[in-house]
Structures are given as C-alpha cells and as structure tokens.
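One structure is given below, encoded as structure tokens.
Next comes the structure, spelled out in structure tokens:
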C-alpha cells in the first residue's frame, strides 16, 4: 500500500487534504507545480496568506508517533489532524506563483523559476518533499538513487516557511533539484 500525506500548519493547528483539490494523497501524486493542492498551500505561505512564515509539515500517515504532535498525543501528526485535533481548511489555489520559497529558521531559499523539469515539462514542487515526515516508508513516496537529492527530504519540516518574490540578502540558496530517477 501507499502512504498518504496532508499539509499541516503546526503553528495554527490547521491542515489541507489533497482530495479537496481533485488530487491524490500519495506524496508523488500531488507534488508538482502547478497543481491546485500545491498552489493552495503556496498561496497560504505568501505575504498576504494566513500561513505566512508559519511552521509547516507534510505529514505522512506512516510518520513517527509523537513527531510535531501536541504534548501527550499518542499517534502521529497525520492521525492527530484526522482525529479532529486540528482544523481542516480549504483555501483557493493561488493565482500568482511565487518566485522563491524561503526557510526562515535556516535562512535558506529556493529559486522556483530554476527548478528542473523532466518527462515533457513535469516540475516537482520542493515544498512537500522538504517538509515531509515519513518519506520512504510507502508506495508513492519520493525515491531516488541520488543520495544528495534524497538528503534534502524532510530537512525543512517544522520550520518557518514563506513563498515570496524577493529574498533577504543574508539567505543562502539551496538547489535540491528534485527529479524522479
């Protein structure tokens, strides 16, 4: 079977589900740009969005118990949200795609305009992979033989994230360059 994922704001206790955007729940079924689900989350992370600079996790249903959950909760973050401890929201997809994705904890950014494409123009949206918990435990997860590329997965989970059209001068660019191999 495959692992299902949802986008969770651990700062506000809110989450989105891919099915609400006619998308599928496995990580690599919805992690593309532009995809309505990914565009909805990106819109929330823009300066006028309600998740701007909040802490984000792409929670898998096979993720480790207790990781990013409220104190005392026995299951994982996916179950916590599904059990009604977090509020489900369904914002519209962003009309404008941002040029940069920023991590304010690590002072890193990704230039979204230079992401690699493959197989006739498919572009993997890095947000879901960078913030994923539980990747590699189910079908539909992100797999690659490229160890450097794989080392980026999950490194932004639980960090303060935004989607913007400019970058502070003291931020370092990273290039995970996700492609399925």
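Numbering (the numbering used here), first residue to last: 69 to 249. The beta carbon of each residue, even a glycine, is placed where N, CA and C say it ideally should be.
Item	Value
Can you name the start and end residues of the beta strand (DSSP E) that residue 266 belongs to?	The structure shown does not extend to residue 266, since the chain is modelled only from 69 through 249, so no value can be given for it.
Which term fits residue 119, buried or exposed, when burial requires 16 or more other beta carbons within 10 angstroms of its beta carbon?	buried
Please state whether DSSP places residue 216 in a helix, a strand or coil.	helix
Looking only at its chain, what residues have a beta carbon closer than 7 Å to the beta carbon of residue 226, apart from the 5 residues adjacent to it on each side?	78, 123, 125, 136
What residue does the beta strand (DSSP E) around residue 124 start on, and which one ends it?	123 to 128
Let me check understanding here. Comparing Cα to Cα, which of 221, 201, 193 lies closest to residue 231?	193
Look at residue 128 and residue 202 and say whether their C-beta atoms are less than 8 Å apart.	yes
Where does residue 259 sit, in a helix, a strand or coil, going by DSSP?	Shown here, the chain extends from 69 to 249; a query on residue 259 therefore has no answer.
To which residues of the same chain is residue 242 closer than 8 Å at the C-beta, ignoring the five residues directly before and after it?	176, 177, 178, 220
Who does residue 82 pair with in a DSSP beta bridge?	77, 155
Relative to the C-alpha of residue 108, which candidate in 205, 76, 133 has its C-alpha closest?	76
Bridge partners for residue 200 per DSSP, in chain order?	126
Let me check understanding here. Comparing Cα to Cα, which of 238, 121, 88 lies closest to residue 106?	88
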